[in-house]
Amino acid sequence: MTAKRFGLFGTRTRDFLTYGGRILVHHDAAQLKFLVPTHPARELPPDIPDDQTMPIRFHPELGAVQWTKDGDIAGREQFRDPNG
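Here the sequence shown is numbered in numbering that gives the first Met the number 0, starting from 0 and rising by one per residue.
Dropping the structure here:
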């Protein structure tokens with residue numbers, strides 16, 4: 000059984016968002032939504048091959064985020080609260 004993968008869904012494009020032609024994915028929908036709250040997280044269809052995806056932790060703009068060895072966010076305290 001393949002693990003679930005979630006991608007950011009473009010409300011205007013009505014497709015999954017990509018970087019370098021690969022769909023940005025993460026294994027936890029809630030963490031993905033925390034990282035990018037402006038786009039909904041949706042489960043990817045299982046027939047999309049892994050070589051057409053890129054874990055969001057490898058996106059250059061998230062290079063400063065600390066991750067665990069399992070690919071989870073290593074604590075939300077590393078993010079500033081925009082409200083205070």
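Glycine residues also receive a C-beta, built at the ideal position from the N, C-alpha and C atoms.
Proximity below 8 angstroms, CB of residue i to CB of residue j
i	j	result
P54	V35	no
R21	T52	yes
F15	L43	yes
Close beta carbons around residue i, own chain, < 7 angstroms, minus the five adjacent residues each side
i	result
R41	F5, G6, F8
A28	F5, A40
K32	A40
Close beta carbons around residue i, own chain, < 8 angstroms, minus the five adjacent residues each side
i	result
R56	H25, V64, W66, G70
H58	Y18, L23
Opening and closing residue of the alpha helix (DSSP H) in which residue i lies
i	result
A29	28–34
Beta strand (DSSP E) segment containing residue i, residue limits
i	result
I47	I47 -> no beta strand (DSSP E), and no H or E assigned at all.
R21	21–25
F5	5–9
P54	52–54
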